[in-house]
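Residue numbers (full-length UniProt numbering): 1 to 82.
The next block holds one structure in the form of structure tokens; read it before the comments.
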Amino acid sequence: MVVELKRPSKKIDQEVLGQIKGYAGAISKDERFDQSKTKWIFIAVSNELDDSVENAVNQLNRPRGLVLAPLIIAFGFIRGVK
Numbered sequence: 001m002v003v004e005l006k007r008p009s010k011k012i013d014q015e016v017l018g019q020i021k022g023y024a025g026a027i028s029k030d031e032r033f034d035q036s037k038t039k040w041i042f043i044a045v046s047n048e049l050d051d052s053v054e055n056a057v058n059q060l061n062r063p064r065g066l067v068l069a070p071l072i073i074a075f076g077f078i079r080g081v082k
């Protein structure tokens, strides 16, 4: 599991989405990890989602926050915490 904690004032935006996808891509290609026996979950946490990623985290027939499968990339946010 990889958890990216963002400062409360940093919205989860396209930049953060790209960062997490980059981590997922790099790890999935790393030969040190047997992909048949290893599952990864990538999570970014902040207070708010940017409008630009709302559609990505609200896809039909997927749990809210699930962006990319089979590598699981999830985005969470906590409202009202500053």
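We put the beta carbon where it would ideally sit given N, CA and C, even for glycine.
Residue i to residue j span [Cα, whole Å]
i	j	result
M1	L66	14 Å
V81	S28	Only weak support exists for where V81 lies, its pLDDT of 45 falling under 50; the value from the coordinates is given anyway. Rounded to the nearest angstrom, the two C-alpha atoms are 33 Å apart.
E15	T38	26 Å
S52	R32	34 Å
R7	D13	13 Å
N55	S36	30 Å
L68	Q19	13 Å
F42	N61	19 Å
D30	L17	20 Å
Rounded Cβ spacing between residue i and residue j (contact assumed at less than 8 Å)
i	j	result
K21	L49	So it is not a contact: roughly 16 Å between Cβ atoms.
W40	A26	Between A26 and W40 the Cβ distance is about 11 Å, and since that is not below 8 Å, they are no contact.
Neighbourhood of residue i by C-beta distance below 7 Å, restricted to the same chain and skipping five residues each side
i	result
N58	R64
Paired residues, beta bridge with residue i - DSSP
i	result
S52	S52 pairs with nothing; no bridge assigned.
E4	A44
6 Å Cβ shell around residue i - same chain, five flanking residues per side excluded
i	result
V3	I43
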